[in-house]
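Everything on this sheet refers to the single structure shown next.
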Amino acid sequence: MLSYFIRRILYLVPILIGIALITFLLFRVVGGDPVDRVAGRYATEEQKEELRVQLGFDRPLWPQPGRLLAGDLDGFARNQLFGHFASTFTFRFGRSEQYRRSISEMIRSGAGPSLSLTVPAFIIGLFLQITIAMLCAFRRNSRFDRTVVVLSVLGISVPYLALIIFGQAYLAGRWGLFPIYGYPERFGFSVVRYVALPVLLGVAAGLGAGVRFYRTVILDETRADYVRTARAKGVGEGGVMFGHVLKNALIPIITQVVVVIPFLFLGSLLLERFFSIPGLGFMLVDAVAGADWPVINALTFVGAVIYLGALLVTDLLYALVDPRVTLK
Amino acid sequence: MNPVLEVSGLRTHFGIEKRVLPAVRGVDFSLSRGRTLGLVGESGCGKTVTALSLMRLVPRPGRIVAGSVRLDRSGGGPLELLSLPESRMRRIRGRELGMIFQEPMTSLNPVFTIGEQVREAIRVHEPLGKKAVRERVIGLLRDVNLPDPESRYFDYPHQLSGGQRQRVMIAIALACNPKVLIADEPTTALDVTVQARILGLISRLRDRYEMAVLLVTHDLGVVAQATERVAVMYLGRIVEAAATRRLFKAPAHPYTRGLLDSVPRLGEEKRRLAAVRGAVPTLSRIPAGCSFHPRCPRAGEVCRRESPAPREVGEGHRVECHFPLE
Amino acid sequence: MTAPEKSRNYWLSAGREVLRRPRAAVSLAVILFYLAVALWGFTGWKTPDWETENFEMAYRPPSRAHPFGTDIYGRDVLAKTVYGTRVAVSVALTASVLALVIGLVLGLLAGYFGGWIDDLITWLFSTLQSIPYILLILAFAFVLQDRTFTLFGAEFRIRGINAVSLALGLTGWVGLCRLIRGEAIKHREREYVLAARALGSSPGRLIVRQILPNVVHLAVITFSLGFVSYIHAEVILSFLGLGVKHVPSWGVMIDDAKLELFRGVWWQLAAATAAIFFISLTLHIFGDAVRDGLDPRLRGERR
Ligand SMILES: Nc1ncnc2c1ncn2[C@@H]1O[C@H](COP(=O)(O)OP(=O)(O)OP(=O)(O)O)[C@@H](O)[C@H]1O
Ligand SMILES: [Mg+2]
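Chains as they are written, first to last, in our numbering: chain A, 227 to 554; chain B, 49 to 374; chain C, 10 to 312.
In structure tokens form, the structure reads like this:
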């Protein structure tokens, strides 16, 4: 078991290197002069030069094999690629020039508000999606099932942004059912008031796609041979669905659910922006607007690391649910 | 002797969009206590659909459109299964009719232990205490000769071999002492030595519990070994039925004849392997008249026009053919 | 041993199988209508005028002269919607084609050749896949925005709409690549491919003649569903300021509506939402029909 995880983590090493390489290529090589973007429009040439040296962008981009041959190890190591790797893998992402704050600190303070929005939306959404999908599979081809199938395709087709704008303008603005936007200074019960509408909109937006997916998963499972065996024993429809089908359907469900978890941390770009929730999604939108690429770089890497962690958790859960899987 | 289960005029159709595929087209047979009826025929002739119809487990878009399936009750008259409400039919399944399926590898639920799955078969029908159920499960597993039942109880299906899984399936089917056991090709997916042992097991258990058995197979060797009577099925109809020995000795239907000829025998050099020439027609285009006539060596004018009425050609020997063999 | 014949007949019957469902036929008609509108936008021939500003006419509700009303500058919303179709379709089409080509080529290469080629491609897509998708497109769109590249001596400047298409295309191929790779591995081992290889045909010919026809339905489905997601992504990128500028797009129209709706100006939001809604709806229905009709495993089932 332990050796299994060690092997899995070793297997992640090339992927982590790949991610660091991609962010390097994107932000340092393809993205043009990194200093230009962070320094802002009004910086003087001297200021830019100073920043360049400070951030190590005066060094060569790539390792110089010539130096290595000449025995100059230090010179070989002094390049932007290695610098990028070193800071990325130690999670030292530097500062946001826009806010003049440490990025790690910004991430820490943004995660809470993001989670307060995304976790409830995720849990409520998942519960509704699976419940509705089970009901559909339970009475497949009934009028209820067909209605749900049609509604979920209609739901998928509504643009997310339009849904949010409509919800904010009507549910909060016109009808005053919710605050239009805002988030309390201190974390407390009043958060509920402010996240209620964003959560509602998030759930509504994901419902169609989720129901469609889980319905297919569960229906596939009801066609399995063991379902026929259960019926032949005299097990009722409810026992078949909840006793037999659900536990097997958990396997594809887990796959789907766990990979969503990283997105919970990253928050919701649109919802946080519209409802002024100071989470990571908000931070990302600001970073894009302010060309604050170190923030985008940091969130990309952190997001990927959480995703890879979630994959490990998936394996663990598989082993719990599916007796055929052992972690060796 | 009174039959335990009497099937007559059974018709099951698959309706796919506007097309109708008649998989079972009027089937009659009966099962008696302590006896095994073999149901044979080529792949696709409707054996499984017939068996599932008895359990009322035909999958969508299939539907039983006509017929009757009567189950003998110890007290009172026979019970018509096809008109029972689903909730009462559920109490018949597993308790009065047990069924074993063709695919032992996938017919057990992969995420539950063997013990849980046999236990469920009992607890659906009988409210017994935990301990009593457990003992009965282990007894059943012992009855089906599963080695080391106490520890197998906690095993998952993937830890068992094909033959062992089929034994567990039998234990599930027998869990409530059903009057009728329907075995749909219980040995097709297994290798030959295991086959023989499973068949022996079914016969022994049949005698012990005095069950009526319907043994579906396409293997005439199995029929010869394990049945007293045989029904031969072709395109959804039973074209010939007789005592097993009689059928093997004196088949009356040219199709049965063809099937028997296609079994390679020891000591014979060259056999025509495909003794029944041509391929099975599809259900959407069943030939008019006698549905076997395009493949029949004896077919005459009348066979193209009229479907043959069943007739008796000997004691308990029924055949549907205009020109039966002597 | 002969390869399963995927002749013109097969495609004809598959097409008929798909279009036999009225829903699929109607959806296809709507999709073609959108494409026609987009094409009209490209030709510029007698296209409605969206540019003329007229402040007297700002925020007029739908009327006979302006069936979808006017925006803050008094521009005709219908004309903007029509022009937005051009933007949406060209973004989605470019991105889809790009993703399709990359996914198909890399997937087939990895699946067919195996070895280090497979390792390299698998590494590439596993890496891209571990980056949450929204961040990935955001990062790509962000760095590609307003960049000038010199390629073969020529200078390219990537502007709004092209940056969006490129970002979506360069990131969207992963799912398809995985599918195709898996299928190609499966088909590689099949007897008829072995037989064809024994007969001495070249790998290129093999890929095109034997493997490609067997994975094409996956490509069609991914294409139609990818198309939808690119249209939705364009909206979000526009809202983030990474999308098109200075020309109307559905995304920009929806984004404008966030202030309008509080004043009761609903028509611009309604027009862009409806435009997106109907194209995604029909693409979904059409994609489902293609799957039901072309996937050999599903043929004859469900319906
Ligand atoms: N779910 C279904 N949908 C449509 N047609 C079906 C379905 N199940 C069975 N059929 C049709 O019913 C006919 C009889 O099938 P059945 O499974 O009873 O054959 P069988 O005699 O058991 O064959 P085998 O020896 O291969 O098990 C087949 O021709 C098949 O096409
Ligand atoms: Mg069968």
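Every residue gets a Cβ at the ideal spot worked out from N, C-alpha and C, and that includes glycine.
Helix, strand or coil at B/Tyr282 [DSSP, three-state]: Against the second sequence, residue 282 of chain B aligns to sequence position 234. In this structure, B/Tyr282 counts as strand in the three-state DSSP scheme.
Nonlocal neighbours in the same chain, by C-beta distance under 7 Å from B/Lys318, ignoring five residues either side: Here the question's residue 318 of chain B lines up with position 270 in the second sequence. Because B/Lys318 carries a pLDDT of 47, less than 50, the predicted location of this residue cannot be relied on, and the following value inherits that uncertainty. Around B/Lys318: no qualifying Cβ.
contact_flag[the segment 101 to 109 of chain B, the segment 137 to 150 of chain B] where n(CB pairs < 8 Å) is 3 or more: yes
Positions along the segment 196 to 213 of chain B whose CB lies within less than 8 Å of some CB in chain A: Tyr204, His206
Runs of beta strand (DSSP E) lying entirely within the segment 242 to 313 of chain A, each at least 3 residues, in chain order: none
C/Lys9 to C/Tyr68 span [Cα, whole Å]: As displayed, chain C neither begins before 10 nor continues past 312, which places residue 9 of chain C out of reach and without an answer.
Min CB distance A/Val375 to chain B below 8 Å: Residue 375 of chain A sits at position 149 when you count from the first residue of the first sequence. Chain B contact via Cβ: absent.
Any C-beta of chain B under 8 Å from that of A/Ala363: Here residue 363 of chain A corresponds to residue number 137 of the first sequence, with the count starting at 1. Chain B contact via Cβ: absent.
Beta carbon proximity, A/Pro478 to chain C, threshold 8 Å: Walking along the first sequence from the start, residue 478 of chain A turns up at place 252. It does not: the Cβ of A/Pro478 has no partner Cβ on chain C nearer than 8 Å.
Cα-Cα separation between A/Ile245 and A/Ser313, rounded to whole angstroms: As a first step, residue 245 of chain A is located in the first sequence; it is residue number 19 there, counting from the start. As a first step, residue 313 of chain A is located in the first sequence; it is residue number 87 there, counting from the start. Distance between the alpha carbons of A/Ile245 and A/Ser313 is about 13 Å.
Option nearest A/Glu323 by Cα separation, candidates A/Leu495, A/Leu299, A/Tyr268: Mapped onto the first sequence, residue 323 of chain A falls at position 97. Checked all of A/Leu495, A/Leu299, A/Tyr268; the closest Cα to A/Glu323 is A/Tyr268.
Residue-level contact to chain C via CB, A/Gly402, 8 Å cutoff: On the first sequence, residue 402 of chain A is found 176 positions in, with the first residue counted as 1. By this cut-off, A/Gly402 is not an interface position.
Nearest candidate by alpha-carbon position, reference B/Cys93, set B/Gly284, B/Phe296, B/Arg141, B/Thr330: Taking the first residue of the second sequence as 1, we reach residue 93 of chain B at position 45. Ranking the options by Cα distance to B/Cys93, first place goes to B/Gly284.
For A/Val425, the first and last residue of its enclosing alpha helix (DSSP H): Counting from 1 along the first sequence, the entry for residue 425 of chain A is found at position 199. Its alpha helix (DSSP H) spans residues 417 to 448.
C-alpha gap between A/Ser494 and A/Ala435, whole angstroms: Position 268 of the first sequence, counting from 1, holds the residue named residue 494 of chain A. Position 209 of the first sequence, counting from 1, holds the residue named residue 435 of chain A. Their backbone Cα atoms lie some 17 Å apart in a straight line.
Validate contact between the segment 237 to 251 of chain C and the segment 361 to 373 of chain A using beta carbons, cut 8 Å, 3 pairs: Judged by pairs of C-beta atoms under 8 Å, the segment 237 to 251 of chain C does not touch the segment 361 to 373 of chain A, as fewer than three such pairs exist.
Alpha helix (DSSP H) segment containing B/Val361, residue limits: Position 313 of the second sequence, counted from the first residue, corresponds to residue 361 of chain B. Not the alpha helix (DSSP H): B/Val361 falls in the beta strand (DSSP E), residues 359 to 362.
Ligand 2 heavy atom lying under 7 Å from the CB of B/Gln150: Residue numbering aside, residue 150 of chain B sits at position 102 when the second sequence is read from its first letter. Inclusion of B/Gln150 in the 7 Å shell around ligand 2 follows from its C-beta lying nearer than that to a non-hydrogen atom of the ligand.
Contact residues within the segment 534 to 546 of chain A, judged by C-beta distance below 9 Å to chain C: Those would be Leu534, Leu537, in chain order.
Spatial distance of C/Val229 from C/Gly50 (CA atoms): Taking the first residue of the third sequence as position 1, residue 229 of chain C is located at position 220. Taking the first residue of the third sequence as position 1, residue 50 of chain C is located at position 41. C-alpha separation (whole angstroms): 26 Å.
Buried or exposed by the 16-neighbour rule on C-beta atoms within 10 Å, applied to A/Asn474: Along the first sequence, one-based indexing puts residue 474 of chain A at 248. It counts as buried.
Candidates A/Glu411, A/Gly399, A/Thr552, A/Ile390, of which the one nearest C/Arg272 by Cα: For the purposes of this step, residue 272 of chain C is taken as residue 263 along the third sequence, with counting starting at 1. Looking at the Cα atoms, A/Gly399 is the closest of the given residues.
When B/Arg294, B/Arg366, B/Gly142, B/Leu249 are compared against B/Lys227, the one with the closest alpha-carbon: Numbered from 1 along the second sequence, position 179 holds the residue referred to as residue 227 of chain B. The shortest C-alpha separation from B/Lys227 is found at B/Gly142.
Where B/His61 sits in the DSSP three-state scheme: Within the second sequence, residue 61 of chain B is the residue found at index 13, counting from 1. B/His61 falls in the strand class under three-state DSSP.
Amino acids of chain B, ordered along the chain, whose beta-carbon sits closer than 8 Å to that of A/Asp451: The sequence position of residue 451 of chain A within the first sequence is 225, counting from 1. Near A/Asp451 (Cβ distances below 8 Å), the residues of chain B are Phe149, Glu151, Thr154, Ser155.
A/Ile329 beta carbon less than 8 Å from that of A/Ala524: Here residue 524 of chain A refers to the residue found at position 298 of the first sequence. Here residue 329 of chain A refers to the residue found at position 103 of the first sequence. Yes, the pair counts as a contact, with Cβ atoms nearer than the cut-off.
Cβ neighbour criterion (16 or more within 10 Å) applied to A/Pro286: The residue labelled residue 286 of chain A in the question sits at position 60 within the first sequence. Exposed, because fewer than 16 other Cβ atoms sit within 10 Å of the Cβ of A/Pro286.
Reference B/Ile250, options B/Thr154, B/Asp239, B/Asn193, closest by Cα: Residue mapping note: residue 250 of chain B aligns to position 202 of the second sequence, counting from 1. For the residues B/Thr154, B/Asp239, B/Asn193, the minimum Cα distance to B/Ile250 belongs to B/Asn193.
Proximity test, Cβ basis, 8 Å: C/Pro141 and chain D: Looking for chain D here will not work: the only protein chains present are A, B and C.
Any non-hydrogen atom of ligand 4 within 7 Å of C/Phe271 CB: No copy of ligand 4 appears in this structure; the ligands present are ligand 1 and ligand 2.
Alpha-carbon to alpha-carbon, C/Phe286 and B/Arg215: One-based indexing of the second sequence puts residue 215 of chain B at position 167. One-based indexing of the third sequence puts residue 286 of chain C at position 277. Linking B/Arg215 to C/Phe286 through their CA atoms gives a straight-line distance of about 55 Å.
Delimiting residues of the alpha helix (DSSP H) encompassing B/Ser91: Working through the second sequence from its first residue, we reach residue 91 of chain B at position 43. No alpha helix (DSSP H) contains B/Ser91, which DSSP labels as neither H nor E.
A/Ala475: contacting residues in chain C (beta-carbon distance under 8 Å): As a first step, residue 475 of chain A is located in the first sequence; it is residue number 249 there, counting from the start. Chain C residues near A/Ala475: none, gap ~18 Å exceeds 8 Å.
Own chain partners of C/Ile240 with C-beta closer than 8 Å, once the 5 adjacent residues on each side are dropped: In the third sequence, residue 240 of chain C corresponds to position 231, counting from 1. Counting only Cβ-Cβ distances below 8 Å, and skipping sequence neighbours, we find Ala97, Val100, Ala101, Trp259, Ile285, Ile288, Ser289.
Contact test: B/His266 Cβ vs ligand 1 heavy atom, cutoff 7 Å: Reading the second sequence from its first residue, position 218 is the one you call residue 266 of chain B. The answer is yes for B/His266.
CB contact flag (B/Glu354, B/Gly337, <8 Å): Position 306 of the second sequence, counted from the first residue, corresponds to residue 354 of chain B. Position 289 of the second sequence, counted from the first residue, corresponds to residue 337 of chain B. Against a cut-off of 8 Å, the Cβ pair of B/Gly337 and B/Glu354 comes out as a contact.
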